[in-house]
Structure formats: structure tokens, C-alpha cells
Amino acid sequence: MAIENFLNALLYFAVSSVLMLAMVRIFFWVTPYNDAEEIHQGNAAVGITLFSQMVGLGIILWSAISHNDTLAETIVWGVFGSLLMMGSYLIFEWLTPKLPVREELRKGNMAVAWIVAGIFIALGLVVAACIS
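In the working numbering, the protein residues as written are 175 to 306.
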């Protein structure tokens, strides 16, 4: 094994971590409440939602890394897949106006949190398959 393999793995890990953190930050901007403050106050519903976003993004980034030959391709497909997941989720919210998801999460509604968690993880799997 060459040291280059270890350095390459470290580079992919670092870039993927930055991409994930950037996408989570974008999700924070999209929500009308302060995610970090809600989690700090013990809002488990918001915590579960953040957890599922990160799982979904991790699945997408895994696919981008596994199915591309260069770091540049990995970045392009990782960003595209992440934006696709975010856009799909926003469409879900738009199509379900009788379920005020963001308001219910802020109130700590665990049932809504688990639905959202399922959606983020399912979207991560579907998007990962699409970018493979």
C-alpha cells in the first residue's frame, strides 16, 4: 500500500465532511427557527430531523465517492445529489400544506419528526441510486 492511498482517502474524507457541513448549514438557513437553539433546548424532534438529514447526506456522499473516478466528479455529484435531496424535501413540504412540518417540529412533535426522518433517509437512498 502506498502512502498516496492514505492521503487520497484523507482528502476524500475532508472534502466530504466539508460538503456535509455546508449542506447542513444550508438546511439551517431554510428552517424558520434556530436549529442549534432548538436542539440545545432539548427539542428531540429537531434533533431527529438533523440526524436523518446527515444520514441521507452521508448516503449520497458515499454514492458519489464510490461511483466516480475523480475528486472533482465526486464533488459535482455530491453537491448535485445533496441539492436534489433538499429540493425534493421542500417539494414534499409544499405538497403537504395541511401538515405544517416546520411548525410541528418546532413544537417538538415526534410523530412528524419520524416522518421527516424517513423521508430524508429514503430520499438519500433514492438520490444515491440516481447518481450512481
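The beta-carbon is built from N, C-alpha and C at its ideal position, and this holds for glycine as well.
The three-state reading of DSSP puts Tyr207 in coil, since its state is none of H, G, I, E or B.
About 12 Å separates the Cβ atoms of Leu224 and Met194, ruling out a contact at the 8 Å cut-off. Counting C-beta atoms within 10 angstroms of its own C-beta, Leu231 has 16 or more neighbours from the protein chains shown and is therefore classed as buried. Per DSSP, Gly216 lies in no alpha helix (DSSP H) and is assigned neither H nor E. Within the model, the alpha-carbon separation for Thr244 versus Phe294 is close to 27 Å. Put simply, the backbone Cα of Ala296 is about 27 Å away from that of Glu211. Where Thr248 is concerned, the enclosing alpha helix (DSSP H) starts and stops at 245 to 269. Between Asn208 and Phe202, the alpha-carbon positions lie close to 7 Å from each other.
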